[in-house]
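The structure under discussion appears below in the form of C-alpha cells.
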Amino acid sequence: MPDPIPSRAAAGAMGTTGGDRMPDAMISARGVRQVFRAGGREVVALDGIDLEIQEGEFVCLLGPSGCGKSTLLNAIAGFVPPSAGSLRAGGRPVTAPGPDRAMVFQEYALFPWMTVERNVAFGLELKGAPRAEIAREVDAWLHKLSLQDFRDRYPKDLSGGMRQRVAIARALAIDSPVLLMDEPFGALDALTRRNLQDELLRVWSELRKTVVFVTHGIEESIYLADRVVVMTYRPGTVKRIVPITLPRPRDPASAEFNELKKAVAGLVMEEQLRHQEAEAHGATAD
Amino acid sequence: MRARLVPLLRAVVIPAAVLLLWEGLSRAGRVSPQILPPPSQVLRRWVAYLLPTEPFDPASGESRLLWLVSGELPRDAFGSLQRVLVGFAIGAGLALPLGLLMGAKEWVHQLFDPLVQVLRPIPPIAYIPLSILWFGLGNPPAYFLISLGAFFPVLMNTIAGVRSVDAIYVRAARNLGAGEGVLFRRVILPAATPYILTGVRVGMGVAFIVVIVAEMIAVNSGLGYRILEAREFLWSDKIIAGMLTIGLAGLGIDLGMNALNRRLLRWHRGIEQGR
Ligand SMILES: Nc1ncnc2c1ncn2[C@@H]1O[C@H](COP(=O)(O)OP(=O)(O)O)[C@@H](O)[C@H]1O
Ligand SMILES: [Mg+2]
C-alpha cells in the first residue's frame with residue numbers, strides 16, 4: 011500500500027489527529043467513542059461508531075432517548091471532540107464548528123434578544139451577504155415556514171412549534187452543504203410536521219444537501235431517509251443500517267412502508283427493552 | 004371610579020398626616036423653627052431656591068427657557084447630574100470591557116481578580132483624601148470618586164453575566180460562523196445584558212451617593228455642596244429643601260433606569276411581570 015509523503019504533510023497542516031484518509035464520503039466517522047464523566051461515574055455515550063455518509067444522502071439516526079444520537083451529531087458539528095476515533099466532514103478532519111454544517115438544535119437555541127427576522131438573518135450577516143440578498147433570503151425562508159406574520163416577535167412570545175420553525179429557517183438560510191438536524195420536528199403537530207417533512211425533502215433534493223437527521227420516530231425516519239441508522243443503547247453503537255429504497259413521495263399507508271416499519275420497530279424495540287432492563291438493574295441514572 | 008379612588012386615598016393619608024402633624028408642632032411653638040421649620044416654610048424656600056434670581060430681561064437676548072432654569076436649584080441639580088453622568092461613564096466604560104474579558108477568559112480573570120478583590124471592599128468615600136491630594140478641588144476628584152463607585156458594581160455584574168451565558172447560544176453562533184469578535188458583540192454582550200443592567204443600576208445608586216459626599220467635601224457647587232453651605236447659615240429650611248431635591252433627582256434617575264431596562268430587555272422573559 012503506497013503511503014505518499016505529501017498527504018502526511020497536508021494532514022499535518024490541517025491539524026489532523028490521525029486516522030485513515032477517507033476520500034469521497036461527505037461525512038465519515040471511524041471508531042468514534044465518547045465518554046462522559048458524570049458524578050464520578052463514566053458514561054460511554056458512543057462506542058466504535060463507523061459510519062459513512064455520502065454527499066447528497068439523507069440519513070436518519072434512530073434510537074431510544076439517551077442512546078447517544080445528540081452526542082454523535084454534536085461531535086459531527088464540532089462542538090465536542092470525540093474521546094477517541096476520527097471524524098471527517100467535507101474531506102477535512104472536524105476540528106471546530108462551522109457554517110458548512112448547519113445545525114438545528116433540539117433545544118432550538120434561538121437568540122432570545124433577536125427577533126425572528128434577526129435570528130434568521132444572523133448567519134447570512136456573518137457570511138457578509140449584501141443587505142438586499144439577506145432581506146430576500148430571510149423573506150423567502152419566513153414564508154416557506156409560515157413565519158411571515160411573526161417576524162418582529164421575540165422567541166419568548168412564540169410557541170414551541172414556531173420556535174422550532176425559526177430554528178429550521180435559521181439553519182436553512184445559510185445554505186450549507188450539510189444539515190445536521192436534532193429532532194427538528196419533535197414539537198410540531200402532525201399536520202405541520204408532514205408539511206415540513208415534505209418541504210425539507212424538497213430543499214434536500216433541489217439543493218443537493220447532505221442531511222443527518224436525528225429522530226426517535228420510526229415512521230418519520232422511513233418517510234424521510236435513504237438509510238436509517240438504528241442505534242443501540244449504552245454504549246451507543248450502530249446496531250443496523252436499514253436502506254430505504256421506496257420511491258418518493260412515500261406513502262406511509264402502503265404495504266411496503268408498513269413492512270419496513272415493522273422491521274425497524276422490531277430493532278428499536280430490542281434496544282428499548284435493553285434500556286428498561288438496564289434501568290431496572292440500576293445501572294443507569296439519567 | 005371607587006376602585007381607583009380608594010387606593011389613591013390610602014396612598015396619601017399617611018404623608019398628609021405626617022405633614023399636618025409637623026406643621027402643627029412647628030406652629031404651636033413646640034419645636035424651634037431653627038431645628039425643624041414647618042413644611043409650608045420649606046416649600047416657600049424650595050420655590051425661592053428653584054426660581055430664577057434675576058427678573059427676565061428680553062433685551063439681553065437670552066432665551067426664556069434658559070432664564071427659567073437659571074435659578075440656584077436647577078444649576079445645582081444640573082451640576083450634580085453632570086458629575087454623576089461623566090463619572091459613571093468613565094467607571095462603567097472601563098468596567099464593561101474588563102468584565103467581559105474577565106468573564107470570558109479564565110487567564111484574564113486570574114490576572115485581575117486578586118487586585119479586584121483587594122480594592123473592591125474599600126468604600127469610594129475612603130478615597131476622598133487621596134483624590135483631593137491627586138486632583139485638587141473641583142470636578143476632577145468628583146469624577147474620580149464617582150467612577151470608582153460605579154466601576155465595581157458594573158464589573159462584578161458583568162463578570163457574573165458573562166459566566167451565566169448559556170453555552171447553547173455560543174454553540175449556535177459558532178455553528179453559524181461567528182468568530183471571536185462577533186461572539187462577544189452579538190452573543191455574549193446581549194446575553195449578559197440583564198446582569199449588566201443590574202450592575203448599572205447598583206453603580207448608578209452608588210454614584211449618586213458619592214456625588215453628594217464629594218460635593219460636600221471637594222466641590223463648590225452642586226446639591227451636596229448647597230445643603231452643607233445652608234448649614235453654615237443655619238438655614239434648616241434650605242437644608243430640607245435641598246434634601247428633597249436630592250430625593251427627587253434620585254427618583255428621576257431610578258425612573259430613567261427603569262425605562263432603560265424596559266427598552267433594552269424587551270426580549271427578556273418575565274420583564275412584564277417585573278412591575
Ligand atoms: N455533557 C454530558 N455529560 C454527561 N453525560 C452526558 C452528556 N451529554 C450526554 N450525556 C449522556 O450520554 C448519553 C447520550 O445522550 P444523548 O446523546 O443526549 O442521547 P439522545 O440524543 O439519543 O437522547 C445519555 O445517557 C446522556 O445522559
Ligand atoms: Mg437528543
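Taken in sequence, the protein lines are chains H and C.
Using the working numbering, you'd call the opening residue of the first sequence number 11 and step up by one each time.
Using the working numbering, you'd call the opening residue of the second sequence number 4 and step up by one each time.
For glycine and all other residues, C-beta sits at the position ideal for the given N, C-alpha and C.
message: Any heavy atom of ligand 2 closer than 7 angstroms to the beta-carbon of aspartate 192 (chain H)?
response: Taking the first residue of the first sequence as position 1, residue 192 (chain H) is located at position 182. Taking 7 angstroms as the cut-off, one finds at least one heavy atom of ligand 2 near enough to the beta carbon of aspartate 192 (chain H).
query: Measuring CB to CB, does glycine 90 (chain C) end up less than 8 angstroms from tyrosine 172 (chain C)?
result: Mapped onto the second sequence, residue 90 (chain C) falls at position 87. Mapped onto the second sequence, residue 172 (chain C) falls at position 169. Taking C-beta atoms as the reference points, glycine 90 (chain C) and tyrosine 172 (chain C) fail to come closer than 8 angstroms.
query: Does any residue of chain H bring its CB to less than 8 angstroms from the CB of arginine 174 (chain C)?
result: If you number the second sequence from 1, residue 174 (chain C) lands on position 171. So, interface residue.
task: Using three-state DSSP, classify glutamate 317 (chain H) as helix, strand or coil.
output: Residue 317 (chain H) is absent from the model: chain H starts at 11 and stops at 296.
query: Could one say the Cβ of lysine 166 (chain H) lies closer than 8 angstroms to chain C's Cβ atoms, at least one of them?
result: In the first sequence, counting from the first residue as 1, residue 166 (chain H) sits at position 156. Yes, lysine 166 (chain H) lies at the interface with chain C (some Cβ there is under 8 angstroms from its Cβ).
message: Would valine 216 (chain C) pass as an interface residue toward chain H - the criterion being a Cβ-Cβ separation below 8 angstroms?
response: Position 213 of the second sequence, counted from the start, is the residue given in the question as residue 216 (chain C). No - not a single Cβ of chain H is within 8 angstroms of the one on valine 216 (chain C).
task: Starting from aspartate 60 (chain H), follow the beta strand (DSSP E) in both directions and report where the run begins and ends.
output: Locating residue 60 (chain H) in the first sequence gives position 50, counting from the first residue. For aspartate 60 (chain H), the enclosing beta strand (DSSP E) begins and ends at 51 to 63.
- prompt: Based on Cα-Cα distance, which residue from C:Ser29, C:Val165, C:Arg86, C:Ala107 lies nearest to valine 216 (chain C)?
  reply: The sequence position of residue 216 (chain C) within the second sequence is 213, counting from 1. Residue C:Arg86 is the option with its Cα nearest to valine 216 (chain C).
- prompt: So, helix, strand or coil for threonine 201 (chain C), using DSSP?
  reply: By one-based count along the second sequence, residue 201 (chain C) stands at place 198. Threonine 201 (chain C) carries a helical assignment under DSSP once its states are collapsed to helix, strand and coil.
task: Would you mind sorting glutamate 2 (chain C) into buried or exposed? The rule is 16 or more other CB atoms within 10 Å of its CB.
output: Here chain C covers residues 4 to 278 and nothing more, so residue 2 (chain C) does not appear.
- prompt: Within the present structure, is the beta-carbon of asparagine 83 (chain C) separated from the nearest heavy atom of ligand 2 by less than 7 angstroms?
  reply: Position 80 of the second sequence, counted from the first residue, corresponds to residue 83 (chain C). First, the residue type needs correcting, since residue 83 (chain C) is serine and not asparagine in the sequence shown. No - ligand 2 has no heavy atom lying nearer than 7 angstroms to the Cβ of serine 83 (chain C).
- request: Go through the region 105 to 153 of chain C residue by residue and report every complete run of the alpha helix (DSSP H) that reaches 4 residues or more, in order.
  value: If one requires a minimum length of 4 residues, the alpha helix (DSSP H) runs lying completely within the region 105 to 153 of chain C are 109 to 122, 131 to 138, in chain order.
- request: Please work out which residues of its chain come closer than 6 angstroms, Cβ to Cβ, to valine 45 (chain H), disregarding the five sequence neighbours upstream and downstream, and give them in chain order.
  value: Mapped onto the first sequence, residue 45 (chain H) falls at position 35. Residues of the same chain with a CB within less than 6 angstroms of the CB of valine 45 (chain H), apart from the 5 flanking positions on each side, are Glu52, Val54, Ser93 in chain order.
query: Which chain A residues are close to tryptophan 214 (chain H), counting only those with a beta carbon under 9 angstroms from its beta carbon?
result: Among the protein chains in the structure shown, which are H and C, there is no chain A.
message: Starting from isoleucine 228 (chain H), trace the alpha helix (DSSP H) in both directions and tell me its first and last residue.
response: As a first step, residue 228 (chain H) must be located in the first sequence, where it is residue number 218. Where isoleucine 228 (chain H) is concerned, the enclosing alpha helix (DSSP H) stretches over 228 to 234.
message: What does the alpha-carbon distance come out to for the pair glutamate 2 (chain C) and glutamate 75 (chain C)?
response: Here chain C comprises residues numbered 4 to 278, so residue 2 (chain C) is not present and cannot be evaluated.
- prompt: Closer than 8 angstroms, CB to CB, is asparagine 178 (chain C) near chain H or not?
  reply: Stepping through the second sequence from its first residue, residue 178 (chain C) is reached at position 175. So yes, asparagine 178 (chain C) belongs to the interface.
- prompt: Would the beta-carbon of serine 231 (chain H) be found less than 7 angstroms away from any heavy atom of ligand 2?
  reply: Reading the first sequence from its first residue, position 221 is the one you call residue 231 (chain H). Taking 7 angstroms as the cut-off, the C-beta of serine 231 (chain H) does not count as close to any heavy atom of ligand 2.
Among C:Phe211, C:Pro132, C:Asp116, C:Ala163, nearest to glycine 152 (chain C) - alpha-carbon criterion: As a working mapping, residue 152 (chain C) is identified with position 149 in the second sequence. Between glycine 152 (chain C) and the set C:Phe211, C:Pro132, C:Asp116, C:Ala163, the nearest pair of CA atoms involves C:Phe211.
task: Go ahead and label arginine 177 (chain C) buried or exposed: buried means 16 or more other beta carbons lie within 10 angstroms of its beta carbon, across all protein chains shown.
output: Counting from 1 along the second sequence, the entry for residue 177 (chain C) is found at position 174. By the neighbour-count rule (16 or more Cβ atoms within 10 Å), arginine 177 (chain C) is buried.
message: For serine 38 (chain H), report the span of its alpha helix (DSSP H) as first-last.
response: One-based indexing of the first sequence puts residue 38 (chain H) at position 28. Where serine 38 (chain H) is concerned, there is no enclosing alpha helix (DSSP H), although the beta strand (DSSP E) it sits in stretches over 37 to 48.
As assigned by DSSP and simplified to three states, the class of phenylalanine 344 (chain H): The question about residue 344 (chain H) has no answer here: the residues shown for chain H are numbered 11 through 296.
- request: Can you tell me which of the three DSSP states arginine 31 (chain H) falls into?
  value: Stepping through the first sequence from its first residue, residue 31 (chain H) is reached at position 21. Here the model assigns arginine 31 (chain H) a pLDDT of 49, short of 50, so the residue's position is not dependable, and the following value carries that caveat. Reduced to three states, the DSSP call for arginine 31 (chain H) is coil.
- request: State buried or exposed for alanine 112 (chain H), treating a residue as buried only when at least 16 other CB atoms are found within 10 Å of its CB.
  value: In the first sequence, residue 112 (chain H) corresponds to position 102, counting from 1. The Cβ neighbour count for alanine 112 (chain H), taken over all protein chains shown within 10 Å, is at least 16; the residue is labelled buried.
query: Since leucine 267 (chain C) and leucine 200 (chain C) are thought to touch, with beta carbons under 8 angstroms apart, how far apart are those beta carbons, to the nearest angstrom?
result: Reading the second sequence from its first residue, position 264 is the one you call residue 267 (chain C). Reading the second sequence from its first residue, position 197 is the one you call residue 200 (chain C). With a Cβ gap of about 6 angstroms, leucine 267 (chain C) and leucine 200 (chain C) count as contacting.
Extent of the continuous alpha helix (DSSP H) run through aspartate 261 (chain H): Taking the first residue of the first sequence as position 1, residue 261 (chain H) is located at position 251. Aspartate 261 (chain H): not part of any alpha helix (DSSP H); DSSP gives it neither H nor E.
message: Is there a Cβ of chain C sitting closer than 8 angstroms to that of tryptophan 151 (chain H), yes or no?
response: Mapped onto the first sequence, residue 151 (chain H) falls at position 141. Any Cβ of chain C closer than 8 angstroms to the Cβ of tryptophan 151 (chain H) would place that residue at the interface, and such an atom is absent.
message: Can you tell me whether methionine 305 (chain C) is buried or exposed? The criterion is at least 16 other CB atoms within 10 Å of its CB, across all chains shown.
response: Residue 305 (chain C) is absent from the model: chain C starts at 4 and stops at 278.
field: Interface residues of chain C facing methionine 113 (chain H) [CB-CB closer than 9 angstroms]
entry: In the first sequence, the residue the question calls residue 113 (chain H) occupies position 103. For a Cβ distance threshold of 9 angstroms, residue set Arg174, Ala175, Asn178, Leu179 of chain C lies close to methionine 113 (chain H), ordered along the chain.
field: Supposed contact pair valine 252 (chain H) and valine 274 (chain H) - C-beta distance, whole angstroms, cut 8 angstroms
entry: One-based indexing of the first sequence puts residue 274 (chain H) at position 264. One-based indexing of the first sequence puts residue 252 (chain H) at position 242. Rounded to whole angstroms, the Cβ separation of valine 274 (chain H) and valine 252 (chain H) is 6 angstroms, and the two are in contact under 8 angstroms.
Assigned secondary structure, threonine 247 (chain H) (DSSP; H/G/I helix, E/B strand, else coil): Stepping through the first sequence from its first residue, residue 247 (chain H) is reached at position 237. Threonine 247 (chain H) falls in the coil class under three-state DSSP.
field: Spatial neighbours of methionine 191 (chain H) in its chain, beta-carbon cut-off 6 angstroms, leaving aside the 5 residues before and after
entry: Working through the first sequence from its first residue, we reach residue 191 (chain H) at position 181. So the list reads Val114, Phe223, once near-sequence residues are dropped.
Bridge partner(s) assigned by DSSP for valine 114 (chain H): By 1-based counting over the first sequence, the position of residue 114 (chain H) is 104. H:Met191.
- prompt: Within the present structure, is the beta-carbon of lysine 79 (chain H) separated from the nearest heavy atom of ligand 1 by less than 7 angstroms?
  reply: For the purposes of this step, residue 79 (chain H) is taken as the residue at position 69 of the first sequence. Within 7 angstroms of the C-beta of lysine 79 (chain H) there is at least one heavy atom belonging to ligand 1.
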